Amino acid sequence: AANLRALYPYNAGGFGLFALDSENIKSWDDIKGRTVFNGPPRGAALVNARQAITLASGLKEGDDYNGRQANWGQLANILVDGSVDAFVIPLTFPSARVTTAQSAGDVTIVSTPKAVFESENYQKIFNAPGNIPLQVKWEDMGYGDGVKMISEDGIFRGLGTAFVELVTKDMSFELAKAITATHIKTLDQLKAKSPFAPNIGLAQMDPKLAGLCGASSLKYHEGAIAAWEEAGYTIPDCLK
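Be aware that the sequence shown starts at 1047, since it is given in my numbering, and climbs by one per residue.
If you want it as C-alpha cells, here you go:
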C-alpha cells in the first residue's frame, strides 16, 4: 500500500443467500443439509462466503452443508441447471445473477437477520480491510415481479466487498486530478445507465462504508483529494 494511492471508491455488492422459491429456503438455517454454491475453488470470495454463512447461521461447510465451487465462468449454467439448492455469492442490486436464475423460476433473496448483523461477533468482520457493512432498502434494489426478499424490515443486510481505483503514488498530480474529476463529473450519467450503480458506494467517503482507514493504510492520491474537495466532498484525515 505504500506505493499505491486511491482515486475513487466503489463496491462489488454484498454476500447474499438466494434460491429458487421451489427450494423453500426462507432462512440461513434452511441450507442445513443442502448443496450451496459459494464461489470459485479458491480466493477471497469463497472465504467471505463461508464466513457469511457461518456468521449468519453457525453452519460450516462439510459438517452442515455441502459446498460447491466452480469458476465464475460456469456460474451462468449453474444458476439454472438445478445442480445446487442455493447460492451465497456477491450480489449487486439488482444483480444479473438473480435475474439469470429467474429463467428457472421465481427467486427468494434472504437477508442476514438484523440482530445477527448488528451483533458484536458479526461486526468484527468489518475490521478487516475491504469488508464493509452493506445495507440496501428493498425499494432501492431494482427488482420487479418474480423476486422477493425475506427481511424483518425490508432492508437487505450483508457482508460487502469494497474496492477503490488504484494508481501508483508516482502518478502526476495533474493526471490523478483529471481522472478523478472526470469520474465525479460522470457519476450521474453512470448511475442513470447502469441499474446497480446507485447501490455500489460511488463517492462514498465514510471510511467504514468504503472499507478504508482502520487496519488499512491506503491513502488517496493528492490529485484525487484536490478533485474531490473542489467538487464539494470532504476527505477524512485518515485518507490524506
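We put the CB at the ideal spot given by N, CA and C, even for glycine.
Here the structure is a predicted model, which is why all the values come from computation and not from measurement.
Checklist entry - Taking the alpha-carbon positions, what's the residue 1140 to residue 1252 distance? => result Distance between residue 1140 and residue 1252, taken at the CA atoms: about 23 Å.
Checklist entry - Are there 16 or more other CB atoms within 10 angstroms of the CB of residue 1074, so buried, or fewer, so exposed? => result That one is buried.
Next on the checklist: I'd like to confirm something about residue 1151: is its beta-carbon nearer than 7 Å to some heavy atom of the ligand GDP, or not?
Outcome noted: Here there are no bound small molecules, and the ligand GDP is not part of this structure.
Next on the checklist: If I measure Cβ to Cβ from residue 1151 and keep anything under 7 Å in the same chain, skipping five residues before and after, which residues do I get?
Outcome noted: Answer for residue 1151: 1066, 1067, 1068, listed in chain order.
Item to check | As assigned by DSSP and simplified to three states, the class of residue 992 | outcome: Outside the modelled stretch of the chain, which goes from 1047 to 1286, sits residue 992, for which no answer is possible.
Checklist entry - Do residue 1051 and residue 1213 have their C-beta atoms closer together than 8 Å? => result Taking 8 Å as the Cβ cut-off, residue 1051 and residue 1213 qualify as a contacting pair.
Item to check | Residue from 1126, 1087, 1048 whose Cα sits closest to the Cα of residue 1142 | outcome: Nearest option by C-alpha distance: 1126.
Item to check | For residue 1096 and residue 1211, the rounded distance between their alpha carbons | outcome: Near 27 Å, if we compare the C-alpha coordinates of residue 1096 and residue 1211.
Checklist entry - If you draw a straight line from the C-alpha of residue 1200 to the C-alpha of residue 1184, how long is it? => result One C-alpha to the other measures close to 5 Å.
Checklist entry - Per DSSP, residue 1202 is paired with what? => result Beta-bridge partners assigned by DSSP to residue 1202: 1182.
Checklist entry - Excluding the five sequence neighbours on either side, which residues of its own chain have a C-beta within less than 6 Å of the C-beta of residue 1197, listed in chain order? => result Result list for residue 1197: 1157, in chain order.
Checklist entry - Taking DSSP as the reference, what is the three-state secondary structure of residue 1249? => result Judged by DSSP in its simplified three-state form, residue 1249 adopts coil rather than helix or strand.
Next on the checklist: Spatial neighbours of residue 1203 within its chain, please: C-beta separation below 6 Å, excluding the five flanking residues on both sides.
Outcome noted: Excluding positions up to five away in sequence, the list reads 1157, 1158, 1163, 1181.
Checklist entry - If you draw a straight line from the alpha carbon of residue 1177 to that of residue 1091, how long is it in whole angstroms? => result So the alpha carbons of these two residues sit roughly 11 Å apart.
Checklist entry - Do the segment 1110 to 1126 and the segment 1052 to 1059 touch if we need at least three Cβ pairs shorter than 8 Å? => result No: the two stretches stay apart, fewer than three of their Cβ pairs being nearer than 8 Å.
Checklist entry - residue 1101: buried (16+ other C-beta within 10 angstroms of its C-beta) or exposed? => result By the neighbour-count criterion, in which 16 or more other beta carbons inside 10 Å mark a residue as buried, residue 1101 falls on the buried side.
Checklist entry - Going by the CB atoms, is the gap between residue 1117 and residue 1082 shorter than 8 Å? => result Contact: no.
Item to check | Where the alpha helix (DSSP H) containing residue 1225 begins and where it ends | outcome: First-last of the alpha helix (DSSP H) with residue 1225: 1219 to 1231.
Next on the checklist: How far does the alpha helix (DSSP H) with residue 1126 in it extend, from its first residue to its last?
Outcome noted: Residue 1126 -> no alpha helix (DSSP H), and no H or E assigned at all.
Next on the checklist: Helix, strand or coil, according to DSSP, for residue 1175 in the structure here?
Outcome noted: Residue 1175: coil per DSSP, three-state reduction.
Next on the checklist: Does the segment 1216 to 1236 come into contact with the segment 1273 to 1283, if we say contact requires no fewer than three beta-carbon pairs (one atom in each stretch) closer than 8 Å?
Outcome noted: With contact defined as three or more Cβ pairs closer than 8 Å, the segment 1216 to 1236 and the segment 1273 to 1283 are in contact.
Item to check | Range of the contiguous beta strand (DSSP E) that encloses residue 1064 | outcome: That run of the beta strand (DSSP E) goes 1050 to 1066.
Next on the checklist: Rounded to whole angstroms, what is the Cα-Cα separation between residue 1172 and residue 1161?
Outcome noted: If you take the alpha carbons of residue 1172 and residue 1161, they lie about 16 Å apart.
Next on the checklist: Considering Cα atoms alone, identify which of 1259, 1175, 1218 is closest to residue 1206.
Outcome noted: Of the listed residues, the one whose Cα sits closest to residue 1206 is 1175.
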